[in-house]
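Asks:
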Amino acid sequence: MKNLQTDLTVGKNLNIRQRASDSASNTQVKTEIANLGIPHSHLQILTNNNRVYIIGPVSNSDQLVIEQNLLALTNVDNVYFYYQ
1 MKNLQTDLTV GKNLNIRQRA SDSASNTQVK TEIANLGIPH SHLQILTNNN
51 RVYIIGPVSN SDQLVIEQNL LALTNVDNVY FYYQ
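Take the working numbering: the last position of the sequence shown gets the number 84, and nothing is skipped along the way.
#1: Output the distance between the C-alpha atoms of Val29 and Asn13, rounded to the nearest integer angstrom.
#2: Sorry if obvious, but does the Cβ on Ala34 come closer than 6 Å to a heavy atom of the ligand COA?
#3: Suppose you measure from the CA of Asn50 to the CA of Asn75; what does that come to, to the nearest Å?
#4: DSSP three-state label for Val65, please.
#5: Secondary structure at Leu46, three-state DSSP: helix, strand or coil?
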């Protein structure tokens, strides 16, 4: 049985400043996860409107560590984990 989770937000398109901020944040998020020593090459990491989406298998303990560290970053409001 497959489980489907979605996070759909209907709203205005993001402005160029927010998209640029998300791009920079995404790089910072990937660097932070790498610095934690958590394997991440198999993960897809997306940032949209200060929300980070991590897609792929991550252990519960690693999820806690990642979430705590990412939420400490200035441009991260929420962290979501999805496993396909």
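We put the beta carbon where it would ideally sit given N, CA and C, even for glycine.
Quick caveat, the model's predicted, so the values are computed rather than measured.
Replies: So, from the data block:
#1: For the pair Val29 and Asn13, the Cα-to-Cα distance works out to about 23 Å.
#2: Of ligands this structure carries none, so the ligand COA is not represented either.
#3: Rounded to the nearest angstrom, the two C-alpha atoms are 6 Å apart.
#4: Reduced to three states, the DSSP call for Val65 is helix.
#5: Taken through DSSP and simplified to helix, strand or coil, Leu46 comes out as strand.
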